[in-house]
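Chains as they are written, first to last, in the working numbering: chain R, 1021 to 1361; chain G, 1021 to 1361. Notes for the one structure printed next.
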DNA sequence: AACATTACCGTTAACGTTTACAGTTACAAT
DNA sequence: ATTGTAACTGTAAACGTTAACGGTAATGTT
């Protein structure tokens, strides 16, 4: 494996000059640049990034911390993020965390060991940030959570308005004639609980305002963001609240599981039970029936967060907070039952 | 950020002794060990991995190269791999490659820059390996491809028998009375084409042996491993070959898209068209109808590959080649049409 | 002609580690 | 009392790189 020394030897210049060529410093003659670049190319030389990073303290690539990886939604965002990094010629490193890990503590560890130049949190619990984010010194972005209220200068956030999304979802169900709506949502003891909270509270707002019949004990069932959990929740919910005509599940994976649960309970979607999801993963457009959902702009979410971080790294900009649009996607999984009455 | 120097200063020992404590070397007194460990704990010190890796040439963590990331199947394997690495106290680094990238060239680049101690290829094209794998010096594992025939001493492989899996799938469809079977598979110009090849040839074997009516132009339609591609392929296939009673799609994502395509062509699954997939992703068990598939043991695939690599790294074992079992999972998506005749 | 300036290039110290080697003790054996 | 040995501990070189600094030669200025 060639090192900068070899390049220096082979090209007849000193390692200093080689380094300058590599880093596009001005003080180098046209000839030297050409010569050295030729050797670099012929030797297929790339600087050893460990050495580079050791020298320039704190510049290993941006790390994306993904919390709870079995999550199609996150995977899609991650993929788009990768693309943006690549387009900007930036390396990325990805670390996966358990769903119940403390991502901020994990990030602190990661910082002392690897000195990344920036951090992106894909999923995260605001409480952990409040507790200990102050100990993180590099620019960071929280995706899927709003850090506007937090007092940190180096933490941007990119998210959608979960409360409003849920309100819109319920309004949509109501517009289709549904009055008894059940909810399958996150339990508060999971770390993604905050998102669930927001979505749940959005739904409750509508119920309240419209004075609809909704009882937390009867019409709500907790669930993780997984197929299995959605399945179980749906079965339990249908037993507790047999008169509901629609279910709003706060994640598309939950809906997918829930549909099977509904079918196994002997009911039909959407004839007996309408269902609506949240997130807008690709498969909702191909499912039979096509699933109504609150689509988040995944691409925008990814692009904004990466670009914000990159800009801040390059130009020392200040942290910002973005709210990305969402969109109600009607679907065959919701039946219009208005005319029936 | 504390360095080894700080620990030395604070504990009153030299950095040599501190380093010995960190690396569990024997030549250090009980007292020194205690003292130094106390300081390390109180300072929350972790060695800077860039420095460590620079010194011990070639020991940045194992890197998993994932090719074509929008692939639920790979994501599941990746997740299981992460778990095994974590259990063994090993770090992992993940890099995502485009579906049409040359993963071996990418790995070579990665080696000169980062000096990983090992490599896992998740997906890959045997041709690229044949061409240039010789230039890779670290132990590697190819997952989802059989490297047995390749002359490389440091390349293990873990895969399932795709040909046999496809044979078994077709036999299953035949056992359910299907005689006119269409296939949706990968086109040869994609890099995952080899897997497609094997699966396709397995299917053809059965058609030949049983002298079944199958015409490549009419009864086969190429497709990438994606929902969209499966959708389009199904629609085209149904137009070309309206008399088929079953479709074997060589990937579960393809099936998921294909089902929508079939429905949009005005047919029903499984009443008009039976479908069967390959891979065994979790959702096949929750889909309505439940999807018959060739389930690969994802967990085993992940565990074997990681453990093989870790063993080889620790004990300098020789590369091995594993064939992981598969299993035919019957499902509601295949209708038994035997009794109808 | 003398000097200043520019443009280029080489030398070297540092980044935080690990490890071979060279001490320094303490204690047992002679 | 001397030597040998064992058990530790410190020192310093090295890993591959960057960047501050100093040097040299060529060119421009007076």
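Backbone N, C-alpha and C fix where the C-beta goes; we use that ideal spot for every residue, glycine too. These numbers were taken from a predicted model, which means no experiment stands behind them.
For residue i, which beta-bridge partners are listed by DSSP?
| i | result |
| --- | --- |
| residue 1202(R) | 1267(R) |
| residue 1297(R) | 1313(R) |
| residue 1153(G) | Bridge partners of residue 1153(G): none, in fact. |
| residue 1175(R) | 1160(R) |
| residue 1347(G) | 1315(G) |
| residue 1140(R) | 1084(R), 1161(R) |
| residue 1341(R) | 1177(R) |
| residue 1234(R) | Residue 1234(R) is not bridged to any residue. |
| residue 1116(R) | 1086(R) |
Alpha carbon to alpha carbon, what distance is there between residue j and residue i?
| i | j | result |
| --- | --- | --- |
| residue 1076(R) | residue 1173(G) | 37 angstroms |
| residue 992(R) | residue 1227(R) | Residue 992(R) lies beyond the residue range present for chain R, which begins at 1021 and ends at 1361; the question has no answer from this structure. |
| residue 1045(G) | residue 1036(G) | 11 angstroms |
| residue 1112(G) | residue 1101(G) | 9 angstroms |
| residue 1350(R) | residue 1308(R) | 14 angstroms |
| residue 1277(R) | residue 1247(R) | 4 angstroms |
| residue 1306(R) | residue 1284(G) | 10 angstroms |
| residue 1125(R) | residue 1329(R) | 20 angstroms |
| residue 1310(R) | residue 1279(R) | 12 angstroms |
| residue 1199(R) | residue 1190(R) | 10 angstroms |
| residue 1142(G) | residue 1050(R) | 43 angstroms |
| residue 971(R) | residue 1121(R) | An answer regarding residue 971(R) cannot be provided, because it is not within the stretch 1021 to 1361 covered by chain R. |
Using CA atoms only, rank isn't needed, just tell me which of the options is closest to residue i.
| i | options | result |
| --- | --- | --- |
| residue 1326(R) | 1060(R), 1248(R), 1189(R), 1162(R) | 1162(R) |
| residue 1203(G) | 1179(G), 1229(G), 1233(G), 1181(G) | 1233(G) |
| residue 1180(G) | 1314(G), 1354(G), 1337(G) | 1314(G) |
| residue 1260(G) | 1275(G), 1272(G), 1245(G), 1282(G) | 1282(G) |
| residue 1043(G) | 1067(G), 1279(G), 1149(G) | 1067(G) |
| residue 1074(G) | 1084(G), 1136(G), 1154(G) | 1136(G) |
| residue 1332(G) | 1088(G), 1316(G), 1176(G) | 1176(G) |
| residue 1286(G) | 1262(G), 1334(G), 1053(G), 1125(G) | 1262(G) |
| residue 1217(R) | 1195(R), 1033(R), 1243(R) | 1243(R) |
| residue 1081(R) | 1138(R), 1039(R), 1060(R) | 1138(R) |
| residue 1021(R) | 1133(G), 1106(G), 1093(G) | 1133(G) |
| residue 1187(G) | 1099(G), 1230(G), 1159(G) | 1230(G) |
| residue 978(G) | 1205(G), 1049(G), 1293(G), 1346(G) | Nothing about residue 978(G) can be reported from this structure: the residues present for chain G run from 1021 to 1361 only. |
| residue 1158(G) | 1131(G), 1169(G), 1250(G), 1165(G) | 1131(G) |
| residue 1345(R) | 1222(R), 1205(R), 1182(R), 1353(R) | 1182(R) |
| residue 1321(R) | 1185(R), 1342(R), 1122(R) | 1342(R) |
| residue 1223(G) | 1249(G), 1194(G), 1245(G), 1251(G) | 1194(G) |
Taking 8 angstroms as the CB-CB limit, is residue i close to chain G?
| i | result |
| --- | --- |
| residue 1279(R) | yes |
| residue 1134(R) | yes |
| residue 1080(R) | yes |
| residue 1092(R) | yes |
| residue 1043(R) | no |
| residue 1074(R) | yes |
| residue 1099(R) | yes |
So is residue i in contact with chain R if we call contact Cβ pairs under 8 angstroms?
| i | result |
| --- | --- |
| residue 1316(G) | no |
| residue 1312(G) | no |
| residue 1244(G) | no |
| residue 1285(G) | no |
| residue 1071(G) | yes |
| residue 1330(G) | no |
| residue 1258(G) | no |
| residue 1168(G) | no |
| residue 1095(G) | yes |
| residue 1066(G) | yes |
| residue 1276(G) | yes |
| residue 1116(G) | yes |
| residue 1251(G) | yes |
Along chain G, in chain order, which residues have C-beta atoms closer than 8 angstroms to that of residue i?
| i | result |
| --- | --- |
| residue 1174(R) | Under the 8 angstroms cutoff, chain G gives no residues; its nearest Cβ is about 16 angstroms from residue 1174(R). |
| residue 1127(R) | None at all; the shortest Cβ gap to chain G is about 13 angstroms. |
| residue 1153(R) | In chain order: nothing, as chain G lies at least about 16 angstroms away. |
Which chain G residues sit within Cβ distance under 7 angstroms of residue i?
| i | result |
| --- | --- |
| residue 1113(R) | 1113 |
| residue 1021(R) | 1132 |
| residue 1110(R) | The premise fails here: residue 1110(R) is roughly 13 angstroms from chain G at the closest Cβ pair, so nothing lies under 7 angstroms. |
Can you name the residues of chain R whose CB is closer than 8 angstroms to the CB of residue i?
| i | result |
| --- | --- |
| residue 1062(G) | Per Cβ cutoff of 8 angstroms: no residues; residue 1062(G) is ~14 angstroms from chain R at best. |
Which residues in chain R sit within 9 angstroms of residue i, going by Cβ to Cβ distance?
| i | result |
| --- | --- |
| residue 1294(G) | Under the 9 angstroms cutoff, chain R gives no residues; its nearest Cβ is about 15 angstroms from residue 1294(G). |
Could you tell me whether any non-hydrogen atom of the ligand PLP is closer than 7 angstroms to the CB of residue i?
| i | result |
| --- | --- |
| residue 1057(R) | Judged by which ligands are present, the structure shown has none, so any question about the ligand PLP falls away. |
Output, in chain order, the set of chain G residues within a Cβ distance shorter than 9 angstroms of residue i.
| i | result |
| --- | --- |
| residue 1247(R) | 1302, 1303, 1305, 1306 |
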